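Numbers given in the numbering used here equal positions in the sequence shown, counted from 1, plus 97.
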Amino acid sequence: MLCWTNNYTDCTEPAAERELIFLRSRSSDRAPLREMWLFSCFLICSLASSLQARLTVSPSSSQFFEGDFVSLSCEEDDSSAGWTLRRNTSKQQRTQCGDVWGKPAGSSCTITMMLHDSGVYWCESREGPISNMVNLTVTGGSVILQSPVLPVMEGDDVTLLCKTKTTPSNLPAAFYKDGSLIRKQPTGHMTIQHVSRSDEGLYKCDISGHGESPSSWITVTDKHTTTPPPTFISNPPSTPDPSAVRT
98 MLCWTNNYTD
108 CTEPAAEREL
118 IFLRSRSSDR
128 APLREMWLFS
138 CFLICSLASS
148 LQARLTVSPS
158 SSQFFEGDFV
168 SLSCEEDDSS
178 AGWTLRRNTS
188 KQQRTQCGDV
198 WGKPAGSSCT
208 ITMMLHDSGV
218 YWCESREGPI
228 SNMVNLTVTG
238 GSVILQSPVL
248 PVMEGDDVTL
258 LCKTKTTPSN
268 LPAAFYKDGS
278 LIRKQPTGHM
288 TIQHVSRSDE
298 GLYKCDISGH
308 GESPSSWITV
318 TDKHTTTPPP
328 TFISNPPSTP
338 DPSAVRT
């Protein structure tokens, strides 16, 4: 769980505990202030553990064409927490659905995607805790890579789809990981079976005669991890770089 502070610092309970032990072992003029801050953060993290939401995206993809219709939902454990969907883009910070973008409906938000909608999205409650964050990219090009928008678990199978905007989505495609060709598929689909940590990386695809997709980061989590720790981008670029949200 993230400890939401003015600096948007990632503060998990174990991390706070380790830092407190470290500070107590040293004498410093600034240590008492920092220890007090970390202790407050630790308390907030502890209180926040019972207030959780999960941001989901439909259709489930991290890349979209201009004009695509997308629904974002805060799946909440506690509806009384008052979850609000917010985002960061290259031009606006921490704006909420319904202000200058999107159409709110309860804890959901619908968007007709445009280039300026590329950014980082999350759910935030009145009490401060936030959900997982997702990085969405909107392209004006003709090819996208449909890949999992949320982290995938070790051992699961993951299917990637290289898709064009105007033609059938079964064209031959080449798939790349971290800039290197990994496979060419005759129908535009590629399945990674029993994913492991080594499969984590930056993926893109290319369809001859149509172009190349943007890149998207795929995160693989441990089997024993129930909720991946959230991450934050304070100033996402105009076309967000998924590698910037690595955890």
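Glycine included, each C-beta is placed from N, C-alpha and C at the ideal position.
The model shown is predicted, which means the values in this text are computed figures rather than measured ones.
Inter-residue Cα distance where the pair is residue i and residue j
i	j	result
Asp296	Thr256	12 Å
Thr236	His213	10 Å
Ser307	Ser187	The sequence shown places His at residue 307, not Ser. The straight-line gap from Cα to Cα measures roughly 27 Å.
Gly179	Arg223	6 Å
Gln190	Thr181	14 Å
Gly225	Ser159	25 Å
Ser305	Lys281	11 Å
Ser310	Ser170	26 Å
His286	Ile227	34 Å
Gly195	Thr234	20 Å
Ser277	Ile315	15 Å
Thr207	Gln243	19 Å
Trp198	Met210	10 Å
Lys301	Glu221	30 Å
Cys138	Arg183	At Cys138, the pLDDT of 40 sits below 50, so the modelled position is not reliable and the matter cannot be decided from this model.
Thr264	Ser313	22 Å
Ser155	Asp303	24 Å
Thr106	Asn185	Residue placement at Thr106 cannot be trusted, given a pLDDT of 34 that sits under 50; what the coordinates show is reported in the next sentence. Taking the straight line from one Cα to the other gives about 16 Å.
Residue from the options whose Cα sits closest to the Cα of residue i
i	options	result
Gln193	Met211, Glu173, Glu172, Tyr218	Tyr218
Thr288	Met230, Asp253, Val231	Asp253
Asp319	Phe166, Leu299, Ser305, Val292	Val292
Asp157	Ser168, Glu163, Glu251	The displayed chain sequence assigns Ser, not Asp, to residue 157. Ranking the options by Cα distance to Ser157, first place goes to Ser168.
Ala271	Pro283, Lys262, Thr264	Pro283
Asp275	Thr209, Thr234, Leu299	Leu299
Phe162	Pro265, Gly238, Pro269	Gly238
Ser215	Ser205, Asn232, Gly199	Asn232
Glu251	Arg294, Leu258, Pro245, Ser313	Arg294
Phe166	Lys200, Arg184, Leu258	Lys200
Lys262	Val154, Ser155, Gly164	Gly164
CB contact flag (residue i, residue j, <8 Å)
i	j	result
Lys260	Ile241	yes
Asn229	Leu152	yes
Ala202	Glu173	no
Val317	Val246	no
Complete runs of the alpha helix (DSSP H) confined to the region 257–330 [at least 4 residues]: If we require 4 residues or more, the region 257–330 turns out to have no alpha helix (DSSP H) run fully inside it.
Runs of beta strand (DSSP E) wholly within the region 163–194 (minimum 3 residues, chain order): Whole beta strand (DSSP E) segments, 3+ residues: 166–173, 181–185.
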